[in-house]
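Enquirer: One structure, as structure tokens, below. Some questions next.
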Amino acid sequence: MSAAPVQDLVKRWESEQAHLRLQVVEEDTEDWQRSPDFSGLERVAGVDLSFIKGDDINACAQLVVLNYPDLEVLYEDSQMVTLTAPYIAGFLAFRETPSLLEALQRLQKNQPTLLPQVVFVDGNGLFHYREFGLACHLGVLSGLPCVGVAKNLLQVQGVYKSEEHQSQIAALQKGGESFPLTSASGKMLGKALRSSDSSSKPVYVSVGHKISLDTAVRLTHSCCRYRVPEPIRQADCRSREYLRINFPATDAGMKE
DNA sequence: GCGACAG
DNA sequence: ATCTTGTCGC
Numbered sequence: 001m002s003a004a005p006v007q008d009l010v011k012r013w014e015s016e017q018a019h020l021r022l023q024v025v026e027e028d029t030e031d032w033q034r035s036p037d038f039s040g041l042e043r044v045a046g047v048d049l050s051f052i053k054g055d056d057i058n059a060c061a062q063l064v065v066l067n068y069p070d071l072e073v074l075y076e077d078s079q080m081v082t083l084t085a086p087y088i089a090g091f092l093a094f095r096e097t098p099s100l101l102e103a104l105q106r107l108q109k110n111q112p113t114l115l116p117q118v119v120f121v122d123g124n125g126l127f128h129y130r131e132f133g134l135a136c137h138l139g140v141l142s143g144l145p146c147v148g149v150a151k152n153l154l155q156v157q158g159v160y161k162s163e164e165h166q167s168q169i170a171a172l173q174k175g176g177e178s179f180p181l182t183s184a185s186g187k188m189l190g191k192a193l194r195s196s197d198s199s200s201k202p203v204y205v206s207v208g209h210k211i212s213l214d215t216a217v218r219l220t221h222s223c224c225r226y227r228v229p230e231p232i233r234q235a236d237c238r239s240r241e242y243l244r245i246n247f248p249a250t251d252a253g254m255k256e
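By the numbering used here, the letter at position 28 of the first sequence is numbered 28, and the numbering carries on one by one without gaps.
Pasting the structure below:
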């Protein structure tokens, strides 16, 4: 049947990204985003997928909603899903977005009053090969403000782990300090943020949808108890917990 | 051949 | 993503 070469798939995906890219809103659209203390913001969400060691198609899709500013969990949804798309760098969204979108739709159907006002996504937004990472993809398809937070630097758009980059990291003294990640063409695509006083390794924040970069960085900092913003950290912890309980590891080398 | 490659 | 505990330091 479909012996579709990977490059054909990539071509279609690039085309779809280019189309959806036009719909990204890179500015603040909500009143709470303009407030110095985010007055009016009551619910923030985090999403993530966790996998079992030797299995890359079955995963646990997680959505958590926390109250703000206390960051206590108000809602949690763990759902086993079967992924169809492979992971290809630059196309993470085609692998993860469907499951995450479904989780948001379940929430809208079952507990609409708990819908989040912003979603933290594990991965990049505009800081991406074609300025359309997972956080943008989920943002455009859901219509919700989204912030991309990556734990590792994607070397793209002329941004590299250069000596200069390393020294800029070393210059970040306190939680909340950041420096811009600017593309070769001169556009600021994201910021490296020291998310807390105790973590020297920064996180990489970029716009997903319906939020400005400065607001995204400020909000990310205000949601960090540890290095990774609490919504994403909770989603990560809870999806791993779900797998640990429901799919206990079988001892390697031990026969069934 | 070597390095890069969000999750 | 996952493989992985304790340990050194403030």
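Where is the CB? At the ideal position from N, CA and C, for every residue including glycine.
1) Check Ala249 in the structure and name its three-state DSSP category.
2) Could you check where the alpha helix (DSSP H) with Leu41 kicks off and where it finishes?
3) Going by the beta-carbon positions, is the gap between Glu96 and Leu49 smaller than 7 Å?
4) When the Cα atoms are used, what is the spatial distance from Leu172 to Arg244?
5) Taking 8 Å as the cut-off, does the segment 71 to 79 touch the segment 139 to 153 (at least 3 CB pairs, one atom from each stretch)?
6) Is DSSP giving His209 helix, strand or coil here?
7) So, for Glu177: in the same chain, excluding its five sequence neighbours on each side, which residues have a beta-carbon less than 6 Å away from its beta-carbon?
8) To which residues of the same chain is Ala59 closer than 7 Å at the C-beta, ignoring the five residues directly before and after it?
9) Cutting at 6 Å between CB atoms, please list the residues of its own chain near Leu9, excluding the five before and the five after it.
10) Can you check which of these residues, Ser162, Ser35, Cys223 and Val159, is closest to Glu72 by C-alpha distance?
11) Classify Leu22: buried if its beta carbon has 16 or more other beta carbons within 10 angstroms, exposed otherwise.
12) Closest to Pro112 by CA distance: which of Ser167, Leu154, Gln62 and Arg43 is it?
13) CA-CA distance, Ser196 and Ala45?
14) How long is the line joining the alpha carbons of Pro202 and Pro248, rounded to whole angstroms?
15) Quick one: give me the first and last residue of the alpha helix (DSSP H) that Ser99 is part of.
16) Mark Glu163 as exposed unless 16 or more other C-beta atoms lie within 10 angstroms of its C-beta, in which case mark it buried.
17) Whose C-beta lies closer than 6 Å to the C-beta of Leu63 among residues of the same chain, with five residues either side of it excluded?
18) Taking only the alpha-carbon atoms, compute the straight-line gap between Ala216 and Asp56 and give it to the nearest angstrom.
19) Measuring only the C-alpha atoms, how far is Leu138 from Gly208?
20) If you follow the alpha helix (DSSP H) that Val6 is part of, which residue opens it and which one closes it?
21) Given Glu256, which residues of its chain have a CB within under 6 Å of its CB, disregarding the five upstream and five downstream residues?
22) With burial defined as no fewer than 16 other Cβ atoms inside 10 Å of the residue's Cβ, what is the status of Pro229: buried or exposed?
23) Does DSSP put Cys237 in a helix, in a strand, or in coil?
24) Which first and last residues belong to the alpha helix (DSSP H) in which Gly190 is found?
25) Beta-carbon within less than 8 Å of Met188's beta-carbon, same chain only, minus the 5 sequence neighbours each way: which residues are those?
26) Sorted by chain position, which residues of the same chain lie with C-beta nearer than 6 Å to Tyr156's C-beta, five sequence neighbours on each side aside?
Expert: The short version:
1) Numbered from 1 along the first sequence, position 249 holds the residue referred to as residue 249. DSSP, read as helix, strand or coil, puts Ala249 in coil.
2) As a working note, residue 41 is residue 41 in the first sequence. Taken as a continuous stretch (DSSP letters only), Leu41 belongs to no alpha helix (DSSP H), as it is neither H nor E.
3) Taking the first sequence and counting its residues from 1, the one referred to as residue 96 is at position 96. Taking the first sequence and counting its residues from 1, the one referred to as residue 49 is at position 49. Between Glu96 and Leu49, the gap from beta carbon to beta carbon is short of 7 Å.
4) Position 172 of the first sequence holds residue 172. Position 244 of the first sequence holds residue 244. Those two C-alpha atoms are separated by around 36 Å.
5) No: the two stretches stay apart, fewer than three of their Cβ pairs being nearer than 8 Å.
6) Translated into the one-based positions of the first sequence, residue 209 becomes position 209. The answer is strand: DSSP assigns His209 an E or B state.
7) Taking the first residue of the first sequence as 1, we reach residue 177 at position 177. Closer than 6 Å at the Cβ level, and outside the excluded window around Glu177, lie Arg194.
8) Translated into the one-based positions of the first sequence, residue 59 becomes position 59. Answer for Ala59: Leu49, Ser50, Phe51, Val81 and Leu83, listed in chain order.
9) Here residue 9 refers to the residue found at position 9 of the first sequence. Excluding sequence neighbours, Leu9 sits near nothing in its chain.
10) Along the first sequence, read from residue 1 onward, the residue named residue 72 stands at position 72. With distances taken between Cα atoms, Glu72 lies closest to Cys223.
11) Working through the first sequence from its first residue, we reach residue 22 at position 22. Flag for Leu22 reads exposed.
12) Here the question's residue 112 lines up with position 112 in the first sequence. Nearest of Ser167, Leu154, Gln62 and Arg43 to Pro112, Cα basis: Arg43.
13) Within the first sequence, numbered from 1, the residue matching residue 196 stands at position 196. Within the first sequence, numbered from 1, the residue matching residue 45 stands at position 45. Taking C-alpha positions only, Ser196 is separated from Ala45 by approximately 20 Å.
14) What you label residue 202 is simply residue 202 of the first sequence in a count that begins at 1. What you label residue 248 is simply residue 248 of the first sequence in a count that begins at 1. Take the alpha-carbon of Pro202 and the one of Pro248: they are about 33 Å apart.
15) Against the first sequence, residue 99 aligns to sequence position 99. Segment Leu92 to Asn110, the alpha helix (DSSP H) holding Ser99.
16) Counting from one through the first sequence, the residue named residue 163 turns up at place 163. Glu163 is classed as exposed because its beta carbon has fewer than 16 other beta carbons within 10 Å across all chains shown.
17) For the purposes of this step, residue 63 is taken as the residue at position 63 of the first sequence. Hits under 6 Å: Val47, Asp77 and Ala103.
18) Translated into the one-based positions of the first sequence, residue 216 becomes position 216. Translated into the one-based positions of the first sequence, residue 56 becomes position 56. As the crow flies, the alpha-carbon of Ala216 is around 31 Å from that of Asp56.
19) The sequence position of residue 138 within the first sequence is 138, counting from 1. The sequence position of residue 208 within the first sequence is 208, counting from 1. Roughly 8 Å separates the two Cα atoms.
20) Residue mapping note: residue 6 aligns to position 6 of the first sequence, counting from 1. Segment Val6 to Arg21, the alpha helix (DSSP H) holding Val6.
21) The residue you call residue 256 lines up with position 256 of the first sequence. Its pLDDT being 43, under 50, Glu256 is placed unreliably in this model, and the value from its coordinates should be taken loosely. The answer is none, since no qualifying residue turns up.
22) Looking up residue 229 in the first sequence gives position 229. With at least 16 other beta carbons inside 10 angstroms of its own, Pro229 counts as buried.
23) Taking the first sequence and counting its residues from 1, the one referred to as residue 237 is at position 237. When DSSP states are grouped into helix, strand and coil, Cys237 belongs to the helix group.
24) Along the first sequence, one-based indexing puts residue 190 at 190. Careful: Gly190 lies outside any alpha helix (DSSP H), inside the beta strand (DSSP E) at Met188 to Leu193.
25) Locating residue 188 in the first sequence gives position 188, counting from the first residue. For Met188, the CB contacts under 8 Å within the same chain, skipping 5 residues up- and downstream, are Pro180, Leu181, Thr182 and Leu213 in chain order.
26) Numbered from its first residue, the first sequence carries residue 156 at position 156. Inspection of the sequence shows that residue 156 is occupied by Val rather than by Tyr. Answer for Val156: Tyr129, listed in chain order.
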